[in-house]
Amino acid sequence: MSLVPIICTYEVPSTVPDPLGPQVQDHKYTKDSVTKPPVESVQYPFLGWDIGKIAQFLQENAPRAVLDHTTFLVADEQTASDGDTLLLVYNIKDSQESVRLTAGCANSGAVSVSIATTDVGELRSLADDDGVYRGGPQRPPPQKGGKAPKKQL
Numbered sequence: 001m002s003l004v005p006i007i008c009t010y011e012v013p014s015t016v017p018d019p020l021g022p023q024v025q026d027h028k029y030t031k032d033s034v035t036k037p038p039v040e041s042v043q044y045p046f047l048g049w050d051i052g053k054i055a056q057f058l059q060e061n062a063p064r065a066v067l068d069h070t071t072f073l074v075a076d077e078q079t080a081s082d083g084d085t086l087l088l089v090y091n092i093k094d095s096q097e098s099v100r101l102t103a104g105c106a107n108s109g110a111v112s113v114s115i116a117t118t119d120v121g122e123l124r125s126l127a128d129d130d131g132v133y134r135g136g137p138q139r140p141p142p143q144k145g146g147k148a149p150k151k152q153l
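All residue numbers for the sequence shown refer to the UniProt record's numbering, where the first residue is 1 and numbers rise by one.
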């Protein structure tokens, strides 16, 4: 299994939640070297890049590394403004599909797409009305008494 890269195309403040959570805080990577938090001088080599250019860069460079070149996350201007979402991009045959998801769902969503247990279309179909995937449909908590919901097969 390869690593799913997170590409910053905008200067995202350090106050934005880490999409991978505390379990990987000691294993952050930059384009040029391995770093350990806190990272004092952050570099943004991908500022202003669009997803097509990122996809091309990863196709040309990632196959020789442990990075997944078909699935990647983008921290962009919207990430900086809302502080909680990332763009998940799946690139195959020079065609990109994408869905915006919350930082809490970024790791599991990216890995699921990367290993083909789900696809971007499925995540998009489960997204909320604003187009952001937050882990699937939010159902109300079960109530005591009354009819039980139908079983789903």
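Glycine is no exception: its CB is placed at the ideal position from the N, C-alpha and C atoms.
Can you tell me where the beta strand (DSSP E) with residue i in it begins and where it stops?
i: Q96; result: S95 to T102
i: I92; result: T85 to I92
Whose C-alpha, out of the options, is nearest the C-alpha of residue i?
i: E11; options: L47, P5 and S2; result: L47
i: A55; options: T71, P45 and Q43; result: T71
i: S2; options: G52, D68 and V74; result: D68
i: R124; options: I115, S114 and P137; result: P137
i: E77; options: A110, A148 and W49; result: W49
i: Q43; options: D128, P13 and S108; result: P13
i: V99; options: L58, D128 and G83; result: D128
i: D82; options: D130, R64, I51 and G52; result: D130
i: I92; options: K151, G145, L58 and K144; result: L58
Since residue i sits in a beta bridge, which residues does DSSP pair it with?
i: C8; result: A75
i: Y133; result: L101
i: L3; result: L67
Contact defined as beta carbons within less than 8 Å: I believe residue i pairs with residue j. What is the distance between those atoms, to the nearest angstrom?
i: V132; j: T102; result: 6 Å
i: I115; j: L73; result: About 15 Å; that fails the 8 Å criterion.
i: L86; j: A106; result: 5 Å
i: A110; j: C8; result: Incorrect: roughly 15 Å between the Cβ atoms, too far for contact.
Which residues in the same chain as residue i place their Cβ atom closer than 6 Å to its Cβ, once the five residues preceding and following it in sequence are excluded?
i: E97; result: Y90 and V120
i: T118; result: S112
i: D94; result: none
i: I51; result: V89 and Q96
i: D84; result: T102 and A103
Between which two residues does the alpha helix (DSSP H) harbouring residue i extend?
i: residue 154; result: Nothing can be reported for residue 154: it is not among the residues displayed for the chain, which extend from 1 to 153.
i: V120; result: V120 to S125
Whose C-beta lies closer than 7 Å to the C-beta of residue i among residues of the same chain, with five residues either side of it excluded?
i: G135; result: C105
i: A148; result: none
i: L126; result: Y133, G136 and P137
i: V4; result: D68, T71, F72, L73, A110, V111 and S114
i: P22; result: The predicted position of P22 is uncertain, since its pLDDT is 49 and thus under 50; no value can be drawn from it.
Spatial neighbours of residue i within its chain, please: C-beta separation below 8 Å, excluding the five flanking residues on both sides.
i: A80; result: Y10, E11, V12, P13 and V16
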